[in-house]
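Novice:
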Amino acid sequence: DDALTELETAVSDCIFHGRVRAIKVIHGHGSGALKRGVREWCNNQTGRFQAVIYGENYDLFDVDSAGMRADCDLPSDPDLDRKNGAVTYIWFW
């Protein structure tokens, strides 16, 4: 619950100030509870984000991944094409 409060605060700050286009949430593997909580929270934020990209889907062939990388001018990311289920990307409007 504290982690989701921190996430909400960070996301609201990013959106309010408009300087950050996307964030990578590193929730780890562990029991999976935090990962489920983060992703459920993201999915409940209908229309608030341009995309929520699960690390498992973050690759060169995913349309949202490619769009986010172009929008954020990310030439490289160590998690690209790694199917890393321990991260979730949030791409802002």
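Heads up: the sequence shown runs through residues 1 to 93, numbered per UniProt numbering. For every residue, glycine included, the Cβ atom is placed at its ideal position computed from N, Cα and C. What you are looking at is a predicted structure, and each value in this text was computed from that prediction instead of being measured.
1. Which residue spans inside the segment 28-87 form an unbroken beta strand (DSSP E) run of at least 3?
2. If we count Cβ pairs, one from each stretch, closer than 8 angstroms, do we get three or more for the segment 15-26 versus the segment 68-75?
3. Helix, strand or coil for V20? Go by DSSP, reduced to three states.
4. With distances taken between CB atoms, is the gap from Q50 to W91 smaller than 7 angstroms?
5. Work out the CA separation of R48 and W41 for me, nearest whole Å.
6. If distances are taken between C-alpha atoms only, which option among T9, S12, G85 comes closest to H29?
Specialist: So, to answer that:
1. 49-54
2. yes
3. coil
4. yes
5. If I take the Cα positions, the gap works out to 11 angstroms.
6. Nearest of T9, S12, G85 to H29, Cα basis: G85.
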